[in-house]
Amino acid sequence: MTDHAMERIDLLIVGGGINGAGIARDAAGRGLSVLLVEQDDLASHTSSSSTKLIHGGLRYLEYGEFRLVREALIERERLLNMAPHIIWPLSFVLPQTQSPRPAWMVRLGLFLYDHLGGREKLPGTRTVSLERSALGDGLSPRKGKAFVYSDCWVEDSRLVVLNAIDAAERGATIATRTRLIDAQREGDGWVATIEAAGRTRTVRARALVNAAGPWVADVIGRTHGARRDRGVRLVKGSHIVVPRLYEGDHAFMLQNDDRRIVFAIPYEGKFTLVGTTDEPWTDAPAKAQIGAAETSYLLDTVNRYFARKTGEADIVWSYAGIRPLYDDHSANASAVTRDYVLDLDTGADGEERAPMLNIFGGKITTYRKLAEHAMRELARFFPAAGEAWTAGAALPGGDIADADFEAFLRELATRQPDLPPALLRRLARAYGTRVDAVIGLGDLGPDLGGGLHTAEVDYLVKTEWARTVEDILYRRSKLGLHVPSGTPERLAAYLAEQGIA
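In this note's numbering, the protein residues as written are -17 to 483.
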């Protein structure tokens, strides 16, 4: 292919996790031409392996991360308004009976947490007696007091997909199962070779954004002449899912003697999600799995706090992800900064050349602000680009009146009286105001099992880049925890019939 015929774009983004998808959305909305390449599925690694929280990071106050916490707290309510179908408030009970921290210290931290970010919708902290409050049900011993504070839950992999959808609708090209082979500066831009399905092509980009998460250093290694003086520290976080440990819609923040914390969170109606761990990862980036020591640590924690004793045989699912944190040379993996660092590389020879922006660290809660900061770093290279715009812009399906999901669901039920309430709620949660694109006139087609109908599969393939059973059952949804035996095989057969592989 000659340079004249080569595809030309403003921005080549490597990485289809939350940061890459968020930057693609922001840039496309400013009028830039964007190509995002992801070597696997969207959110297939770190961004689908989180604790599923939109939160300020209460424990980060202990490490002096005040700027990060303030920014995250402001973003928390902003995101709640942008996507009320996949984000909703969640109360956290913080028992003090087994706390290694004195109550006054915890309460001071919660006072700061309540006031740092200009909280508007979420309730402030209160104190309860675990003996007298229903919030103590399931704990053992059930005694002493607890603090109750608020954060939010998020369907993390869906958050990534919704950003990608919005980016695509604003003109971006989202290329999953496509990897960067190499890139080099040439003139005022980058010439990059990318590969998909065994075929390579070359594109020319004005700027390169490295949002590859755990693979950020690998991408730097594939770019000729890139600076290599920034470090990434990989930390593995693992979670287990067990049958419900307690009744109620609240979560618990459990403090351990080593000063680490573990969350126990209601999950998919029938389960409790327990996590996370912080283990150094010294191997090359890869698909992570929970280790035996991590499993024991999480089980020991819940067995210290809850009356229902839980063993390894009770675990119905586990997952692990690698967090790409900026290397601040902390000795303790739990203390490594969760703040993000944006490293703008414009060449090592002193002459400003085509930019490469490397993204280190970050967390789901601050992805939108990170994207704004990324565009600020790149602004001088794109003087015609529009202004920041995402702060008040709903994500696809999130334009629900007054961000009132329950009112939206009631209205939907009057329009779709023949659909089972549980199915309607699940679809409304997943797709928000775009649910009609899935439901259509109410004919969802054959049920492949557990309420997964072919109409929904068709929508996910056409609109959300889903290609495999895992994409659909564990990232676009968590139906893999609910569907009966045989559903994965029926889904695989249906995808094959549609020519999807």
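Ideal Cβ positions, reconstructed from N, Cα and C, are used throughout, including at glycine.
The model shown is predicted, which means the values in this text are computed figures rather than measured ones.
Length of the line joining the Cα atoms of residue i and residue j
i, j, result
"Ser122", "Leu236", "13 Å"
"Gly99", "Arg124", "32 Å"
"Gly487", "Ala419", "Here the chain has residues from -17 to 483 only, and residue 487 is not among them."
"Tyr322", "Glu479", "44 Å"
"Ala437", "Phe129", "45 Å"
"Pro365", "Arg358", "11 Å"
"Ser31", "Ala302", "6 Å"
"Thr372", "Leu104", "22 Å"
"Met(-17)", "Ala25", "A caution first: Met(-17) carries a pLDDT of 43, below 50, which makes its placement in the model unreliable, though a value can still be read off. Distance between the alpha carbons of Met(-17) and Ala25: 32 Å."
"Ala367", "Leu14", "7 Å"
"Gly251", "Leu76", "21 Å"
"Asp(-15)", "Ile202", "A caution first: Asp(-15) carries a pLDDT of 47, below 50, which makes its placement in the model too unreliable to give a value."
"His464", "Val439", "16 Å"
"Pro402", "Tyr45", "48 Å"
"Ile68", "Ala412", "6 Å"
"Leu144", "Arg186", "27 Å"
"Glu354", "Arg89", "33 Å"
"Val16", "Glu102", "35 Å"
"Leu281", "Gly468", "30 Å"
"Ile304", "Val217", "6 Å"
"Ile5", "Gly(-2)", "10 Å"
"Ala268", "Ile341", "18 Å"
"Leu426", "Ala3", "29 Å"
Nearest to residue i (by Cα), restricted to the options the options
i, options, result
"Arg152", "Gly11, Val110, Gly39 and Trp135", "Gly11"
"Ala295", "Glu452, Arg472, Ile222 and Leu409", "Ile222"
"Leu18", "Asp381, Gly126, Leu24 and Ile(-5)", "Ile(-5)"
"Glu57", "Arg350, Tyr476 and Leu409", "Arg350"
"Ala173", "Thr158, Met338, Asp453 and Ala389", "Note on residue identity: the sequence assigns Val, not Ala, to residue 173. When each option's Cα is compared against that of Val173, the closest is Met338."
"Thr348", "Arg(-10), Thr33, Arg241 and Leu50", "Leu50"
"Trp447", "Arg407, Leu405 and Ser139", "Ser139"
"Ala179", "Asp22, Val284, Gln78 and Asn285", "Asp22"
"Asn63", "Leu377, Leu455, Asp133 and Ala410", "Leu377"
"Gly257", "Val16, Ile(-9) and Thr33", "Thr33"
"Asp231", "Ser111, Ile382, Asp309 and Leu117", "Leu117"
"Arg183", "Val443, Arg449, Leu401 and Arg(-10)", "Arg(-10)"
"Thr205", "Gly344, Thr328 and Gly(-1)", "Thr328"
"Ala385", "Tyr42, Leu61 and Asn1", "Leu61"
"Gly38", "Ile5, Ala356, Leu72 and Ala266", "Leu72"
"Cys134", "Glu168, Ser111, Ile421 and Phe234", "Phe234"
"Thr415", "Arg181, Arg397, Ile0 and His435", "Arg397"
"Phe245", "Arg305, Met(-12), Leu434 and Leu40", "Leu40"
"Leu35", "Glu59, Glu20 and Leu43", "Glu59"
"Leu405", "Phe288, Ser459 and Trp299", "Ser459"
"Thr107", "Gly91, Arg114 and Glu113", "Gly91"
"Thr277", "Ala266, Asp239 and Val224", "Val224"
Short Cβ contact (7 Å threshold) for residue i with residue j
i, j, result
"Ile272", "Ser220", "yes"
"Ala194", "Val214", "no"
"Leu(-7)", "Ala189", "yes"
"Leu255", "Ile247", "yes"
"Phe48", "Tyr131", "no"
"Arg7", "Asp119", "no"
"Glu177", "Arg161", "yes"
"Ala165", "Ile156", "no"
"Gly171", "Ala356", "no"
"Ile482", "Val443", "yes"
"Ile0", "Val110", "no"
"Leu391", "Leu434", "no"
"Gly207", "Arg167", "yes"
For residue i, three-class secondary structure by DSSP
i, result
"Asn238", "coil"
"Phe93", "helix"
"Gly213", "coil"
"Pro66", "coil"
"Thr182", "strand"
"Thr(-16)", "Unreliable placement is indicated for Thr(-16), whose pLDDT of 43 sits below 50; the coordinate value is still reported in the next sentence. Residue state, collapsed to three classes: coil."
"Thr258", "coil"
"Trp135", "strand"
"Pro105", "coil"
"Ile(-5)", "strand"
"Lys125", "coil"
"Glu446", "coil"
"Ile346", "helix"
"Gly468", "coil"
"Arg457", "helix"
"Ile0", "helix"
"Glu151", "helix"
"Ser300", "strand"
"Leu141", "helix"
"Lys252", "coil"
Cβ of residue i within 7 Å of any chain E Cβ
i, result
"Ala128", "Here there is only one protein chain, and chain E is not present."
Segment contact flag, the region 82 to 89 with the region 249 to 263, C-beta cutoff 8 Å, min 3 pairs: In the pairwise beta carbon analysis, the region 82 to 89 is classified as not touching the region 249 to 263: fewer than three pairs are separated by under 8 Å.
Could you say if the region 428 to 438 and the region 469 to 477 meet the contact criterion of at least three C-beta pairs nearer than 8 Å? Yes, since at least three Cβ pairs between the region 428 to 438 and the region 469 to 477 fall closer than 8 Å, the two stretches touch.
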